[in-house]
Structures are given as C-alpha cells and as structure tokens.
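> Heads up: the sequence shown begins at 1 in my numbering, then just goes up one per residue.
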Amino acid sequence: MSILARYRKPGGFKQLLQLIETSQPVKQAKLLEVVAKEDPKWADLIKAKRINPEMVLSWKPEELAVIFEHMNPRHCACVFKNMGPDSIKSYATLFTGEKYRDLKSIVDEIDSPKESEVIAAHNNMLETVRYLDEEKKIDLRFIDPKLDLGDAA
Numbered sequence: 001m002s003i004l005a006r007y008r009k010p011g012g013f014k015q016l017l018q019l020i021e022t023s024q025p026v027k028q029a030k031l032l033e034v035v036a037k038e039d040p041k042w043a044d045l046i047k048a049k050r051i052n053p054e055m056v057l058s059w060k061p062e063e064l065a066v067i068f069e070h071m072n073p074r075h076c077a078c079v080f081k082n083m084g085p086d087s088i089k090s091y092a093t094l095f096t097g098e099k100y101r102d103l104k105s106i107v108d109e110i111d112s113p114k115e116s117e118v119i120a121a122h123n124n125m126l127e128t129v130r131y132l133d134e135e136k137k138i139d140l141r142f143i144d145p146k147l148d149l150g151d152a153a
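#1: Pick out whichever of H75, K89, E109 has its Cα sitting closest to the Cα of M125.
#2: Closest by CA to K99, which one among T22, P73, P53?
#3: In this structure, how does DSSP classify G12 when only helix, strand and coil are distinguished?
#4: If you reduce the DSSP assignment to three classes, tell me which class K114 lands in.
#5: Is the region 76–87 touching the region 109–128 in the sense that three or more CB pairs, one from each, lie closer than 8 Å?
#6: For E21, count neighbouring C-beta atoms within 10 Å of its own C-beta (all shown protein chains included) and say buried if the count is 16 or more, exposed if not.
#7: Does the count of Cβ pairs from the region 57–73 and the region 86–103 closer than 8 Å reach three?
#8: Hey, does R130 have any beta-carbon neighbour from chain B nearer than 9 Å?
#9: Please list the terminal residues of the continuous alpha helix (DSSP H) segment that includes W42.
#10: Measure the alpha-carbon distance for A43 versus R101 and round it to whole angstroms.
What follows is the structure, encoded as structure tokens:
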C-alpha cells in the first residue's frame, strides 16, 4: 500500500506536512524520499511549504510574540534559553508584564535544556504556527507567501 494513499484526502497534505516538519532530520529525509518516489510533485510542494524553527525565529518580533503567547510556557522558555541567555530581554516589550515575568522566571530556572527538551519546544512552536495560521491569528500568506497552504490541498 502506498504511504500517500492515507494522505490523499481533504486535509491530508497538511497532516503529512506537519508530520514531516515535526520529525527528526533523519526521519524527515526518509519520509521525503518515500514521498518523492511516489509523487515527486508532492515532495517538491512539501519542501516549499515546510517550516522549521530557524525560519520561524527569523520572523518579525511582533509575529513571534503572537506565537510565543500561545505556546506552552515551558516550551517557550526553552526556546528562549536555547537562543541565548539574554534573548528574552529583546522581546520584553511585546509581552504583558506578568507574562514576561513568568517566562523570565522559567528561563532562569532552566539550567541548560536537554536536546529532547529543545526538540519538544521547537515542535510545539511549529505546531503552534500551523494552529495559529488555521485559526487566522497569524497569516502565513503575509509572513511568507510561499508558505500559504491554500494552493496545496
């Protein structure tokens, strides 16, 4: 049975895309290889629409603030800790005072995040981006038009 058969339904492309986005690099490569063998156009589309943590973290601070606001606080703090010791300070004005103090407190508690914690935090960030786009709280069409899934169903 084809691996793509289960994803050739309404919303299936997005499910496959999110599976690949949140997989480890080795598994991502393997999944993309399988998809490319079955449907090279889908593989190319996945490569074009795929987001990653580095890409998200390069977006404008206002966009990141919306994403961070909706993330699990521990995961959000882990992302900040992984970005560097003073990274949260650059976003201080984008959070409410209470939210900033809460996040800063968690960041200060985290000694050095384990690799598994960073991976979980990055996956939570990517899932949050897709959720917020679906809920129209952010609009990927305006952040980066090539990321819009409207033409990929």
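Ideal Cβ positions, reconstructed from N, Cα and C, are used throughout, including at glycine.
Let's see:
#1: H75
#2: P73
#3: helix
#4: In this structure, K114 counts as coil in the three-state DSSP scheme.
#5: Three or more Cβ pairs drawn from the region 109–128 and the region 76–87 lie within less than 8 Å of each other, which places the two stretches in contact.
#6: Buried, because 16 or more other Cβ atoms sit within 10 Å of the Cβ of E21.
#7: yes
#8: The displayed structure is made up of one protein chain only, and chain B is not part of it.
#9: 40–49
#10: 43 Å
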